[in-house]
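One structure is given below, encoded as structure tokens.
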Amino acid sequence: MRESMRDFQKSLGVASAKPVPFVSTLKKAGGARPQRGSKGEEVTPVPGGGGAGGETELENIEATQGMSSETAVTFLSRLMAMVDVLVFASSLNFSEIEAEKNMSSGGLMRQCLRLVCCVAVRNCLECRQRQRERSCKSSLTSSKSQDSLHSASTTSKQDPDRLLQDVDINRLRAVVFRDVDDSKQAQFLALAVVYFISVLMVSKYRDILEPQREIGRSTSLSGRSIRHEINSPTSTEHPSTAFSDRDKQTPTPVDDSPRAGLPHTDSGIGEEGHVAGSLNGSEMGLGLGLGLVGRETDRDRDRDMGGGGGGGGGTDLLCSLSSDVRRSQESLLDSPHNPSSTPNSSQAPPSSISSISQTNKGINVKEILKSLVAAPVDGGELGQESGPTPYHPDPALKTHPMLPMQFHSFDRSVVVPVKKPPPGSLSVNTVGTPTTSGAATAGSTPNIFAAATATPKSMINTTGATDSASSSSSSSSSFVNGATSKNLPAVQTVAPMPEDTMENMSITTKLERALEKVAPLLREIFVDFAPFLSRTLLGSHGQELLIEGTGLVCMKSSTSVVELVMLLCSQEWQNSIQKNAGLAFIELINEGRLLCHAMKDHIVRVANEAEFILNRQRAEDVHKHAEFESNCAQYAADRREEEKMCDHLISAAKHRDHVTANQLKQKILNILTNKHGAWGTMSQSQLHDFWRLDYWEDDLRRRRRFVRNAFGSTHADVSLKALEDYGTEEEEEGLKSKKNFRSQSVVTQNPEAELMLEGDDDAVSLLQEKEIDNLAGPVVLSTPAQLVAPVVVARGTLSITTTEIYFEVDEEDSTFKKTDAKVLAYSEGLHGKWMFSEIRAVFSRRYLLQNTGLEVFMANRTSVMFNFPDQATVKRVVYSLPRVGVGTSYGLPQARRISLATPRQLFKSSNMTQRWQRREISNFEYLMFLNTIAGRTYNDLNQYPIFPWVLTNYDSEELDLTLPGNFRDLSKPIGALNPKRAAFYAERYETWDDDSTPPHHYTTLYSTAHSTLMWMLRIEPFTTFFLNANDSKFDHPERAFSGIGRAWRNCQRDTADVKELIPEFYYLPEMFVNSNEYELGMRDDGVPVCDVELPAWAKKPEDFVRINRMALESEFVSCQLHQWIDLIFGYKQRGPEAVRALNVFNFLSYEGAVNLDNLDAAQREVIEMQIQLCGQIPSQLLIEPHPPRSSAMHLCFLPQSPLMFKDQMQQDVIMVLKFPSNSPVTHVAANTLPHLSIPAAVTVTCSRLFAVNRWHNTVGLRGAPGYSLEQAHHLPIEMDPLIANNSGVNKRQITDLVDQSIQINTHCFVVTADNRYILVCGFWDKSFRVYSTETGKLTQIVFGHWDVVTCLARSESYIGGDCYIVSGSRDATLLLWYWSGRHHIIGDNPNNSDYPAPRAVLTGHDHEVVCVSVCAELGLVISGAKEGPCLVHTITGDLLRALEGPELCQRPRLISVSSEGHCIIYYERGRFCNFSINGKLLAQMEVNDSTRAILLSSDGQNLVTGGDNGVVEVWQACDFKQLYIYPGCDAGIRAMDLSHDQRTLITGMASGSIVAFNIDFNRWHYEHQNRY
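Start counting the sequence shown at 59; every next residue gets the next number (the working numbering).
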């Protein structure tokens, strides 16, 4: 039953460490006394020892384990309500439920019985407590327990005189008789209830008989009890050992045992029974009934009190009962259910015997009480063998508020403070508490149901609750789980009598009053279960007690309570009930105990699991909460970022619109106000025009085009630097390098390993590409970035959408604010926007030696460079841009991984080296390629492209390029060419003594921002950049770049000057001319510094550039160039080879020398400044020697190479092809590339009959090894079969009428690059039209002009066949159109082919436009009208300049432009002019022929002309020197074209035939002429 209570309490989440005998807890209510330990020492059962005398045990007990009393009582009452429902109100059969829940049969009813007994006992104790409270108020007013005693809760319905309350009796009856059909279960329950009620009745009888507590028990009686105990057949195995210690005990002095004389009452039943305790703490006590709990059993205490005692009646009767109890208990101890029972159980002295005591009969109770109140509570003697933590499941009990005790709950180490008992809670005195009742009993009996309840504070264990009295409902069973068995104090039961009348009543009346309700129930059970009980309750000789004598008769007929009590008090009955019915009760209690253990384990496990789950959930909740908060914060931040980004984009768009609007305004203004514009006047031409170098690059990355400069000036206010401003450069450099960067050691990487590492970048997953391709939303990526422009690095934000890149400079940035506005004026892209469709290539770049840059090349032939915070950002940006790779020029796939590849990987993967070796590309183009992939860029002056000095002779009047002595030794760096200077550098390296920097030969690099600006000083925007970087001063005249020869000499003599050249030396003559008339000062020799002094052999800058370029392409340079590449880009760039080659520079110039991210801001700034000053060495492209270029001799069979043997030269005329029609051939287009579907020479006659003449590519084989006569007879051109057979002329005739006033000439037709379409102009409806060459059908009509279209021109076409078409008209305008090679129409949109829009309208002519030429590579359109100068427009529609010829050159008729920048114009009456694309007249001549066709070779060096005389002539373009005259033909020449290999010239004749000439421009090359 106690276990049932424990189950109940466990269900509340509270558990006990040890089950504790429940009868003993009932005894605590009656009083306590000192107890003996197993060694005989006296144990004071007060856990809180040392307190003042009046303290009650309540202070030391945590009855409800952390619950308030009200809560506990509420739970119990709820539980009982459920029991009432089960027992009274339901007729359910529980067997199914029990089977389902895996319970034993009848378990539910047994549990109900346990609960009913529990509550019955509780009610008993409550009445008793109330009774005692009334009786002792006067004597305990000062007691500290008064508060708790006052707080006993009572119910008005309870009758304090009754043994059991009506409700308890009814419940007991209902439990027994509910399932009476289930005979076995009902019999068991009946037997248990018989035991329960019998014990209570006898106990009550005892209390009524012996109201005086002073009457002690005689020593002899106690001795007899002991002897009986020892001789009992159920005693422990070795009684002698069990009690030997007890016999040696000596009395403990009274002062050590303040409670020694505490009077106590007890019942007579089973006074000698004891609990056999095992050493490991799993004792079980079988108690007698509640009625027994008041008897005194402590012999030691009696002895200490100094008195012997008289015996109480009935003691002997009950001695035998305890033996049976003990036997059954032993069997339980050894049963499998009790794993902790041990064979050593006999070694535990029975506590009941060691505590048998005698009391003095004559001590007055008041004296005892006084002594108790005065005596200090001494718990110090409590040994470690004190009992376990007593378990007290009474929900109503709370500890005293003074108790300084805490407990630990079973599942977490949380200290729970003790609470005050609330008013109304039932407080019950427990072990060691001074009794407060004034009543005394006569004598005492051994308490055989004791459990060790005295527990030192230190032993209050994890379950945290000390046992208190009053919650156990059965006095007949106690379970001890301490270290050893201990004396357990008997609990006093006070008869609930009113103070006034109790003493006046007779015993019979008292008895009858107390038992009148209980007795009928007992009788009823005896009668109803007579057959079973008579078999079960057997006498000592096996006789049936219920039948024999008056037993059953008494039960049936008599109503006398006294008779019944007397019967039960008889020895035979007591023995039998104890022996037989007690077993049932034991079993009931044991089952509860086992259930309790199982339930405890289960609940602990479940609770731990629950706690674990809860903790995890709590942790998850905390985590989720944190995650949610961070998500919210992130979301808010993202939204803020997004809003910021939107604001940013809007403001950026406004800026851009503003810039665009300004540009448009300026453009319109220029168009209207220039001297050829509508508002222009001739007087404007006298004004000074300022020009600047445009950022437009051609296919070889040359920037040659000059455009008007709105910001131009003569910089008249700028002063010159004085020599004192310089100091010696050596000192300056020395000081710079002296700064101690010892920590920054040069990173010498194993280049192969580096390559392997970086190779991983190539393996970027396609998935990643796909993911990034699928990104949606307005801004795919936004990142801080720096726009890198010459001398400006502007911080800002780069944003990438799905179709565009935006860059918006941060105008609030301090460095930006400090930047000179003049410099910013030349910096494009500060508010930039670039369409994805314009992106042509993306290169990884370094900035300040860190691999964090990107350079993006656009379709408008400009590039923009950005620097990012880190490489990861670079990667993200590349994956957000279209996959264009590094473009199509270098034979590499267009993939993003190519954009991210290292320079060395690009070099290895590209086909350019092989092409250079095979002489398919020039030296210039190859060097430009190496510079580009090695990270050199026009956008960072510190990484400007590097070109070598190739000539050494800058003095002689004539330069012979066939003399090796005029060429530089390219195997040595510029610093080692002069032997004396080389020795100086070598010695410097060997004797290096500065520990702060690694040794090097040269303090400055061959290419720095300063040297680049110095070379380019005379042209904007470099002038402004130079002034910005040079304190707004020009260099001192002695320091300035004033002459090429002087610069070369400095590079050979000055120990601080090892400059190489820049690419402009090979293509930009304008850089040598001071066209803006800057005041650059006067040298010491009195010569002013103005234009750059040229070598004597160059009469003008164009000559110098041309000859320098010829030298670069010469055989001497070709066969050495790979050695210079080794020095600058290759294996001699660093390491031991660099030392050997005298090629070591300041360590801060090398890639990987320093990681800027590891430096603090100050250090970083210093290092960045150093890098800017030192210059940056290009990325190393190869770590083995570069292969040399193949010899020209090996390649004689290639079309470009000169023919080596004159006897193999072909006849001048290859073939003549006569068409059936005699109409003059006015247009020839030789699109002969072998990859075309129809390589052909397309001809068009004056009558608009065209022919597609098949081309057979045999010409290239002529002169090659293995050339055969058969191939020679195979003619290159085969006549169009439709024309030859005269069968399909209708498919070749353009029938649409042209305007009668139009003179049909070569300008009226354009053939597309794939030979599939012909464009024709001159129609009366002001259109030009597109026809298919396959069918002759019209495919498109294009309108746009206000008058008849008079001429057409096509630019060179690129991959895909796209090109520009320009149409000129009588309306004096030109329209620029876009031909889509994909859709084969004019315009981008096939859905709108009827009304395509021109890309630009070009104005400025005053008359009908008669001739035009367009060059997409240069972005220029050059056109001539009937009268007036030719005009140069950009393909964006800006009028750049007019090409003003000499006086008589006013009527242009033919124009030819080469990508090399030559513009040849033929005027009426045989006059020729050669202009540079920047408008400078280079040469002019007059011929005696009316020229009808002109043609420039692909390299721009040679001009071919033909006219009415029928003579083809070849000229040198630069100076019109005549090179060759072909034999004359019998008819005039009307049109000409060259085959793709430049080996065949096809002319269209006035006679209606075509003639193929053999042509080889290499014949007229100076090297060919000199060598072969």
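Every residue gets a Cβ at the ideal spot worked out from N, C-alpha and C, and that includes glycine.
Cβ-Cβ distances below 7 Å link Asp1149 to Phe1130, Val1131, Asn1132 in the same chain, with the five nearest sequence neighbours on each side left out; the list follows chain order. Ile1423 carries a strand assignment under DSSP once its states are collapsed to helix, strand and coil. Setting aside the 5 residues that flank it on each side, Asp142 is surrounded in the same chain by Arg229, each with a C-beta closer than 8 Å to its C-beta; the list follows chain order. Assigned with DSSP and collapsed to three states, Phe924 falls in strand. Minimum Cα-Cα distance from Ala710 among the listed residues Arg236, Cys175, Lys891 corresponds to Lys891. Taking Ile1362 as the centre and dropping the five residues before and after it, the same chain places the C-beta of Thr1284, Cys1304, Arg1306, Val1356, Gly1380 closer than 8 Å to its C-beta, in chain order.
For Ile897, the enclosing beta strand (DSSP E) has its first and last residue at 897-905. Burial state of Tyr693 is exposed, judged by a 10 Å Cβ sphere holding fewer than 16 other Cβ atoms. Here the alpha carbons of Gly1103 and Val765 stand approximately 30 Å from one another.
Among the bridge pairs identified by DSSP, Ser1611 is matched with Lys1276. Excluding its 5 nearest sequence neighbours in each direction, Val922 has C-beta neighbours in its own chain below 6 Å: Gly887, Val914, listed in chain order. Secondary structure at Asn1204: coil, using DSSP grouped into helix, strand and coil.
Excluding sequence positions up to five before and after Gly1590, its CB lies within less than 6 Å of the CB of Asp1566, Gly1568, Ala1608, all in the same chain and listed in chain order. Taking the Cβ atoms as the reference, Asn1036 lies roughly 46 Å from Arg955, outside the contact range of under 8 Å. Under the three-state reduction of DSSP output, Tyr1624 falls in the helix class.
Boundaries of the beta strand (DSSP E) around Asp1595: 1591-1596. Residue pairing of His746 in beta bridges, as defined by DSSP: absent, with no partner found.
Rounded to whole angstroms, the Cβ separation of Tyr1624 and Leu1019 is 6 Å, and the two are in contact under 8 Å. For His1285, there is no enclosing alpha helix (DSSP H); the residue is part of the beta strand (DSSP E) that begins and ends at 1283-1289.
Taking every protein chain shown into account, the CB of His1314 has fewer than 16 other CB atoms within 10 angstroms, so this residue is exposed.
For Gln1191, there is no enclosing beta strand (DSSP E), since its DSSP letter is neither H nor E. DSSP places Lys1538 in the coil class of the three-state scheme, outside both helix and strand. Distance from the Cα of Pro1487 is smallest, within the candidate group Lys723, Ala1575, Phe254, Glu1466, for Glu1466. Per DSSP, reduced to three states, the secondary structure at Gln1361 is coil, with no helix or strand assignment. Around the beta carbon of Val1400, 16 or more other beta carbons sit within 10 angstroms, so the residue counts as buried. Between Leu1239 and Phe965 a beta carbon distance of about 4 Å is seen, short of the 8 Å cut, so the two are scored as contacting. Taking the Cα of Thr1391 as reference, the smallest distance to any Cα among Asn969, Val1300, Ala656 is reached at Val1300. In the structure shown, Val1271 falls within a strand segment according to DSSP collapsed to helix, strand and coil.
Here Trp892 carries a strand assignment [DSSP, helix/strand/coil]. Taking the Cα of Phe1123 as reference, the smallest distance to any Cα among Met986, Leu1214, Glu1571, Tyr1060 is reached at Met986.
Ile1077 is a Cβ neighbour of Leu751, given a cutoff of 7 Å. Taking a C-beta distance under 7 Å as the contact criterion, Tyr1524 and Ile1552 qualify as a contact pair. In terms of Cβ geometry, Pro1282 and Thr1290 do not form a close pair [threshold 7 Å].
Short of 7 Å from the beta carbon of Asp237, and not among the five residues preceding or following it, lie these beta carbons of its own chain, in chain order: Met167, Gln243, Ala244. Residues of the same chain with a CB within less than 7 Å of the CB of Tyr253, apart from the 5 flanking positions on each side, are Ser534, Ile635, Ala639, Gly640, Ala642, Phe643 in chain order.
Under DSSP, Phe915 takes part in a beta bridge, and its partners are Ala899, Ser921.
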